[in-house]
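This report refers to the structure that appears directly beneath it.
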Amino acid sequence: IMAKFFETADVNWRGIGYIPGSGLELRDEYSARDARKVFELKEIKEEKIPGCICGKVILGKAYPADCKLFKKVCTPKTPTGPCMVSMEGSCNIWYKTN
């Protein structure tokens, strides 16, 4: 059923970057229901945050505590990178459990 409505797409993952063929988007025949097209939404450019190693944390190449910003300027109340912003973010969870 997924293949009927979606096709693979190159997707920009927060903290990681573009990965070819790693996401899904609605097929052209369903574009009337694609919010990005209907509302002419622009892609948000991710800004690089000096010192943030969220991409490495997401990929399992570093621990949140390895980040120089972690628990200093980057906290759940003052999140710096995408890994701390949401409750299910890896840095947010690490912060609350360690």
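Per the working numbering, residue 21 is the first one in the sequence shown, and the count goes up by one each step.
Backbone N, C-alpha and C define an ideal beta-carbon position, used for all residues, glycine too.
Distance CB(residue i)-CB(residue j) smaller than 9 Å
i: Leu-61; j: Ala-55; result: yes
i: Asp-48; j: Tyr-38; result: no
i: Met-104; j: Thr-117; result: no
i: Cys-74; j: Arg-34; result: yes
i: Ala-82; j: Lys-91; result: no
i: Leu-89; j: Ile-113; result: no
Among the options, the one whose alpha carbon lies nearest that of residue i
i: Glu-63; options: Asn-32, Thr-100, Gly-109 and Ala-82; result: Asn-32
i: Glu-27; options: Cys-74, Lys-57, Asn-118 and Leu-46; result: Leu-46
i: Leu-79; options: Ser-110, Val-93, Phe-25 and Met-22; result: Ser-110
i: Glu-66; options: Leu-44, Ile-36, Gly-41 and Val-93; result: Ile-36
i: Leu-44; options: Lys-24, Val-77 and Val-58; result: Lys-24
Simplified DSSP state of residue i, which is helix, strand or coil
i: Gly-75; result: helix
i: Ile-113; result: helix
i: Asp-30; result: strand
Residue burial classification, residue i (beta-carbon count within 10 angstroms, cutoff 16)
i: Thr-100; result: buried
i: Tyr-115; result: buried
i: Pro-102; result: buried
Endpoints, alpha helix (DSSP H) assigned at residue i
i: Pro-102; result: 102-105
i: Lys-68; result: Per DSSP, Lys-68 belongs to no alpha helix (DSSP H) and is neither H nor E.
Contact test: residue i Cβ vs the ligand COA heavy atom, cutoff 8 Å
i: Thr-98; result: Among the components modelled here there is no ligand, and therefore nothing to report on the ligand COA.
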